[in-house]
Amino acid sequence: MNRFGIVALLFSFASVFLSSCSRTEEPSGPQTILTIQVDTDYGLSGDDWVYATDNSGAVLDVKPYADGQTVTLTSVSRPDKINVTFFYAPGDPSERPFFSTWAAIDRGTTLHFETEKTETLQESDATLKISNYPWPITQWMGISNGHGVVASTSSSQSGVLKVDFSFYDAPSDLLLYGYRGEVPVYNWANSVNAGDVVARDFESDFVPFPHTFQLNFEGSNKAEVTGVNSKKTRITLLSTWLWNLSTHPVIGYLDGFDSYELLVMNLNTNGATVYKKNGTIDPSFKIPAFTFSLTNRSVQDFAFNFSEPYTYHQITWAVPAGTEGAWWRLNVPSGQRVGGLVIPAEIAAKYSHLNVDKLQYSYMQFYQFVSGRSYPEGMPGMAVTDAETALEYYVYTPKN
398 MNRFGIVALL
408 FSFASVFLSS
418 CSRTEEPSGP
428 QTILTIQVDT
438 DYGLSGDDWV
448 YATDNSGAVL
458 DVKPYADGQT
468 VTLTSVSRPD
478 KINVTFFYAP
488 GDPSERPFFS
498 TWAAIDRGTT
508 LHFETEKTET
518 LQESDATLKI
528 SNYPWPITQW
538 MGISNGHGVV
548 ASTSSSQSGV
558 LKVDFSFYDA
568 PSDLLLYGYR
578 GEVPVYNWAN
588 SVNAGDVVAR
598 DFESDFVPFP
608 HTFQLNFEGS
618 NKAEVTGVNS
628 KKTRITLLST
638 WLWNLSTHPV
648 IGYLDGFDSY
658 ELLVMNLNTN
668 GATVYKKNGT
678 IDPSFKIPAF
688 TFSLTNRSVQ
698 DFAFNFSEPY
708 TYHQITWAVP
718 AGTEGAWWRL
728 NVPSGQRVGG
738 LVIPAEIAAK
748 YSHLNVDKLQ
758 YSYMQFYQFV
768 SGRSYPEGMP
778 GMAVTDAETA
788 LEYYVYTPKN
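Residues in the sequence shown are numbered from 398 upward in steps of one, following the numbering used here.
Okay, structure coming up:
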């Protein structure tokens with residue numbers, strides 16, 4: 398054999414060897430496609446199930462889950478992306494069962510249903526008396542401290558607004574806020590203790606917010622501004638939902654907080670837009686004038702047109718209330734389609750009245766994450782990136 402033949406033979410052996418080394422052996426038998434870990438005191442009630450399907454609607458696995466359990470879904474078929482559906486049937490027969498589907502979830506995802514940590518605070522009662530409050534009394538005085546304030550009674554006599562309220566974490570600094578005409582004003586009541594009577598003059602003690610801007614978007618506008626301090630306590634600085642203001646109210650915020658949260662809702666002829674931004678407040682944000690149309694209302698072949706970029710859309714279907722009533726909410730990332738919604742045999746056997754074909758379109762929402770989060774971080778049990786101070790997003794709800 399000449400040297401060229403030897404070289405060719407060596408190349409042949411090398412190719413076979415490298416090919417065998419690079420070949421990945423597929424695991425045999427069912428493999429885990431989803432794991433759910435539920436804390437012992439999470440607080441589930443009713444009948445809870447989870448199941449996975451591929452994009453054609455074929456059921457890969459289905460299992461019930463409850464507090465304190467770790468449940469794994471397995472399948473011989475292992476698509477890169479799966480559709481995960483949570484099913485909940487309440488113990489009260491007057492309430493409707495609920496399906497929640499999240500499409501295009503990575504195979505092998507782990508979800509942790511973690512018990513929310515809460516702190517126990519002592520409840521205290523106090524009274525607020527504000528003289529020269531505008532008459533007639535048609536709205537509440539805003540009171541906040543970041544730990545919860547509940548007004549129990551409100552009355553007015555001789556031009557004095559009297560509010561009995563409960564609050565937590567005494568002694569506490571309470572922010573009092575309201576509107577003088579269309580101008581947002583505020584006053585601090587510091588170190589308020591149980592049983593205190595806080596007396597203020599609405600004309601002389603309340604001063605305008607140092608930073609204000611007007612919501613000039615077409616339609617009707619509402620807003621809430623929250624301040625977050627160094628202890629991560631969220632204190633409502635202003636909420637226009639408490640007052641009968643113009644459709645283009647002036648809102649404001651105070652200095653002295655580590656970060657802020659701005660929530661704006663705009664109602665227009667095309668529907669509703671919610672804008673949320675955490676971090677700094679930038680009055681230059683926009684409310685897009687979106688357009689929307691449905692081209693097919695069928696559950697299995699749903700189609701629409703929407704003018705704005707978005708991260709994912711959420712469709713809600715419902716069966717009218719009654720013995721066969723049910724809800725189904727489907728979350729789908731932009732650019733993806735779901736091939737079919739199905740009810741596994743295990744669930745259908747227990748709830749024979751459930752029927753996908755009876756679902757009727759209810760409404761639709763589009764979520765556009767500008768920063769700080771991505772799909773599917775809103776999914777139950779999904780780990781969320783620690784970027785709350787950079788969170789900015791829109792939620793569009795077209796009018797039906």
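Glycine included, C-beta positions come from ideal geometry on N, C-alpha and C.
Within the region 497–553, no run of alpha helix (DSSP H) at least 4 residues long lies entirely inside it.
Contact between the region 695–709 and the region 719–739 is present, with at least three C-beta pairs closer than 8 Å. For Ile433, the enclosing beta strand (DSSP E) has its first and last residue at 428–435.
Going by C-alpha positions, Phe682 is about 25 Å away from Ser690.
Looking at the DSSP output, Thr677 shares a beta bridge with no other residue. Exclusion of the five residues before and after Thr437 leaves Asp464, Gly465 as the residues of its chain whose Cβ lies within less than 7 Å of its Cβ. Spanning the alpha carbons of Leu612 and Ile648 requires a straight line of approximately 8 Å. With respect to the 8 Å criterion, Leu651 and Phe687 are not classified as neighbours on the basis of their beta carbons. A direct Cα-Cα distance of roughly 14 Å separates Asp754 from Thr713. In this structure, Pro777 places its C-beta atom within 8 Å of the C-beta atom of Leu508. In this structure, DSSP gives Thr637 a helical state, which the three-state scheme calls helix. Residue pairing by DSSP places Phe610 opposite Ile648 in a beta bridge. For Gly737 and Thr794, the gap between their C-alpha atoms comes out near 24 Å.
Residue range 742–747 is occupied by the alpha helix (DSSP H) that includes Ile744. Cβ-Cβ separation between His710 and Gln762: approximately 7 Å, consistent with a contact (criterion under 8 Å). Membership of Val739 in any beta strand (DSSP E) is not indicated, and neither H nor E is assigned to it by DSSP.
Shown here for Gly543: same chain residues with a beta carbon closer than 7 Å to its own, the five before and five after excluded, namely Thr630, Arg631, Ile632 in chain order. Along the length of the region 657–716, whole beta strand (DSSP E) runs at least 3 residues long occupy 668–676, 689–693, 700–703, 709–716, reported in chain order.
Here the region 516–532 makes no contact with the region 448–464; the two share fewer than three CB pairs at distances below 8 Å. Relative to the Cα of Asn797, the nearest Cα in the group Arg770, Val716, Lys526, Phe701 belongs to Phe701. Annotation for Gly505: Thr429, Ile430 place their beta carbon closer than 7 Å to its own, counting only its chain and skipping 5 residues before and after. Here the alpha carbons of Ala486 and Lys747 stand approximately 10 Å from one another.
Around the C-beta of Gln554, fewer than 16 other C-beta atoms lie within 10 Å, and the residue is accordingly described as exposed. Per DSSP, the continuous beta strand (DSSP E) segment holding Arg726 begins and ends at 723–730.
In this structure, DSSP gives Thr450 an extended state, which the three-state scheme calls strand. A buried status is given to Arg597, since no fewer than 16 other beta-carbon atoms sit within 10 Å of its beta-carbon.
Remark: C-beta atoms of Gln765 and Pro680 do not approach each other more closely than 8 Å. Thr432 and Ser541 have their alpha carbons spaced roughly 41 Å apart. Its Cα nearest to that of Ser588, the residue Tyr565 stands out among Met779, Phe599, Tyr565. With fewer than 16 other CB atoms across the displayed protein chains lying within 10 angstroms of its CB, Thr512 is exposed.
Spanning the alpha carbons of Trp537 and Asn584 requires a straight line of approximately 15 Å. With contacts defined as CB atoms closer than 8 Å, Phe510 and Tyr448 fail to qualify as a contacting pair.
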